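First residue of the sequence shown? That's 33 in the working numbering, and the numbers climb one at a time after it. Shown next, in structure tokens, is the structure this report addresses.
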Amino acid sequence: MKNLLLLSFTILFKTTIYAQPVKYETRATDITTFDTFDLRDEVLEGTSYIQNEFLLANIENYDKPVFLKYNAFQDQMEIIRDKIYFIPKKIGLSITFKETNFTYKVFSFEVKNNNNLVFLKVLQDGLRIVLLLQEKIIFVEETKPKTGYKEYEAPRLKRIKDKLFYSKENNIALEMPKNKKDILSIFSNNLLEVKSFVKTNKLNIKNKKDLIKVVEYYNTLR
């Protein structure tokens, strides 16, 4: 199983390198001409996808809707043609699913001093700040019982807790702080107004739904 995973990751890594076009204008010819690699076998449980079916979506600067689905395990948008392909990532690329009205956008995110391009769901968009959500699925190794009291657990794909991010400029994503003081510091340009808005409306700034309201309000300020 481990060898299968290693091989799949190696192939995927190579295809990602050679698939990126020098100039990206969201043409059909820019779509990656490599198959995706499904790591599931008869014993691997779970799914790579947030929604399993392909849904009609609009790709920014592309002239017609296409059927896509988001692979949260490999962080790729898949398009179905004669086979299944990846949409190449380009910073700022925006994709909106027509049925759900969910928008995913490509942002730059620094991990261990390396800038990675990631798809993040847009929760609230504005000129001053964009509130984002990372939906992620990970691979969990099989668990073999060490005693007779525990059962064998097959290897699986598991969705982990969503993470909040925000972006202020240049499509650079930063992870949302955990504590209230640090979250408020993001709105330092209008801190008094934001504090007053939170207090008046009895909002919990650490709550996702309330934070969406705060970001929406902040984007109206000048």
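Each residue gets a CB set at the ideal place from its N, CA and C atoms; glycine is no exception. Since the model is a prediction, treat every value here as computed from it, not as a measurement.
Just to confirm before moving on: does the CB-CB distance between residue i and residue j stay below 7 Å?
i	j	result
Phe118	Leu87	no
Val154	Phe141	no
Ile244	Gln156	yes
Lys96	Glu110	no
Leu152	Phe139	yes
Leu196	Met208	yes
Ile123	Ala89	no
Tyr198	Leu163	yes
Please report the straight-line C-alpha distance between residue i and residue j, rounded to a whole angstrom.
i	j	result
Tyr94	Ile161	25 Å
Lys200	Leu224	19 Å
Leu253	Leu76	49 Å
Phe134	Tyr181	44 Å
Val247	Glu185	42 Å
Asn251	Val226	11 Å
Ile237	Asn202	25 Å
Phe69	Glu131	Residue placement at Phe69 cannot be trusted, given a pLDDT of 46 that sits under 50; the coordinates are not used to answer.
Ile116	Asn147	27 Å
Ser228	Arg113	52 Å
Asn84	Lys212	36 Å
Leu165	Glu183	35 Å
Arg188	Ser80	10 Å
Glu92	Ile204	18 Å
Ile218	Phe99	36 Å
Tyr249	Ser220	14 Å
Lys258	Leu125	The question about residue 258 has no answer, for the chain in this structure spans 33 to 254.
Lys193	Val143	18 Å
Asn222	Pro120	38 Å
Thr48	Asp214	A caution first: Thr48 carries a pLDDT of 36, below 50, which makes its placement in the model too unreliable to give a value.
Leu206	Asp242	19 Å
Using a Cβ-Cβ distance cut-off of 7 Å, determine whether residue i contacts chain D.
i	result
Leu125	Looking at the structure shown, chain D is missing, and only one protein chain is on hand.
For my contact list, residue i and residue j are in at a C-beta cut-off of 8 Å; report their separation, rounded to the angstrom.
i	j	result
Lys240	Gly78	About 24 Å; that fails the 8 Å criterion.
Could you check whether the stretch 222-238 touches the stretch 175-184, counting it as contact only if at least three pairs of C-beta atoms, one from each stretch, sit closer than 8 Å?
no
Using 8 Å as the Cβ pair cut-off and three pairs as the minimum, do the stretch 165-172 and the stretch 103-123 touch?
yes
What beta strand (DSSP E) runs, 3 residues minimum, are completely inside the stretch 115-201?
Listed in chain order, they are 116-118, 126-129, 135-143, 146-156, 162-166, 169-172, 188-191 and 195-199.
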